[in-house]
Amino acid sequence: MVIRPARPGDAQAIAGIYAWHVANGTATFDTIAPDAAEWAAKIADFAARGFPFLVAARGGEVAAYAYAARFRDRAAYAHTCEDSIYVAHDARGRGIGAALLPALIAAARASGFCQMIAVIGGGEPASVALHAKCGFVHTGRMRHVGRKFGTLLDTVYMQCDLTGEGWGDE
Ligand SMILES: CC(C)(COP(=O)(O)OP(=O)(O)OC[C@H]1O[C@@H](n2cnc3c(N)ncnc32)[C@H](O)[C@@H]1OP(=O)(O)O)[C@@H](O)C(=O)NCCC(=O)NCCS
Numbered sequence: 028m029v030i031r032p033a034r035p036g037d038a039q040a041i042a043g044i045y046a047w048h049v050a051n052g053t054a055t056f057d058t059i060a061p062d063a064a065e066w067a068a069k070i071a072d073f074a075a076r077g078f079p080f081l082v083a084a085r086g087g088e089v090a091a092y093a094y095a096a097r098f099r100d101r102a103a104y105a106h107t108c109e110d111s112i113y114v115a116h117d118a119r120g121r122g123i124g125a126a127l128l129p130a131l132i133a134a135a136r137a138s139g140f141c142q143m144i145a146v147i148g149g150g151e152p153a154s155v156a157l158h159a160k161c162g163f164v165h166t167g168r169m170r171h172v173g174r175k176f177g178t179l180l181d182t183v184y185m186q187c188d189l190t191g192e193g194w195g196d197e
């Protein structure tokens, strides 16, 4: 498996991966999936802003993607990013996320981010476990803020200190 920066030509594969999770999962609160053109624009925008956007590919086929962008637009949040990671539904549970998320963390650190936030829809257990495995700690839970497939959903917040210096409160 190769982990590399996303290219505009990956947009179709990324659109397909995300569309499955939009239609079938609660990790994302999107209910309409962006098309390939929107993903191509996002990849170009991230490259222009210097935000990391990575794919994991096997045999030339994109099996997963992950990116990190500003957590909030307000200026004081500039050093804080939010991650997003999606593995193709039929490639989950094979170690791809465990390889891709550390690569994203390293790329985000290299981009100058100091804190990374995971906003985990539905408190998706696999995502919570993956983030914990990669050094994130639980920082909050908002209850019943989403509704999908007729079910009220929580959002779990986790955070990773990218500086290696800790928060000075432990
Ligand atoms: C969450 C996700 C990114 C994990 O990637 P993955 O490639 O499936 O995970 P891996 O095989 O690398 O497993 C890494 C760790 O995740 C956890 N994990 C994976 N699948 C799990 C499952 N079904 N239930 C509980 N924990 C699970 C385990 O801790 C595992 O580590 P271990 O093998 O040492 O126990 C992937 O399953 C996915 O895309 N899920 C749907 C979308 C999503 O939740 N995205 C995150 C949005 S914030």
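In my numbering, the protein residues as written are 28 to 197. Ideal placement from N, C-alpha and C gives every residue a C-beta, glycine not left out. Bear in mind that the values here come from a model prediction, so they are computed numbers and not experimental data.
CA-to-CA, the gap between Ala93 and Arg170 works out to about 26 Å. Under DSSP, Ile144 takes part in a beta bridge, and its partners are Glu109, Gln186.
Proximity of the beta carbon of Ser154 to ligand 1 is indicated: a heavy atom of the ligand is located closer than 7 Å. Closer than 7 Å to some heavy atom of ligand 1: that does not describe the Cβ of Tyr184. Straight through space, the alpha carbons of Ala102 and Pro61 are spaced by roughly 27 Å. Val172 is classed as exposed because its beta carbon has fewer than 16 other beta carbons within 10 Å across all chains shown. When the five nearest sequence neighbours on each side are left out, the beta carbons in the same chain lying within less than 7 Å of the beta carbon of Ala71 are those of Pro35, in order along the chain.
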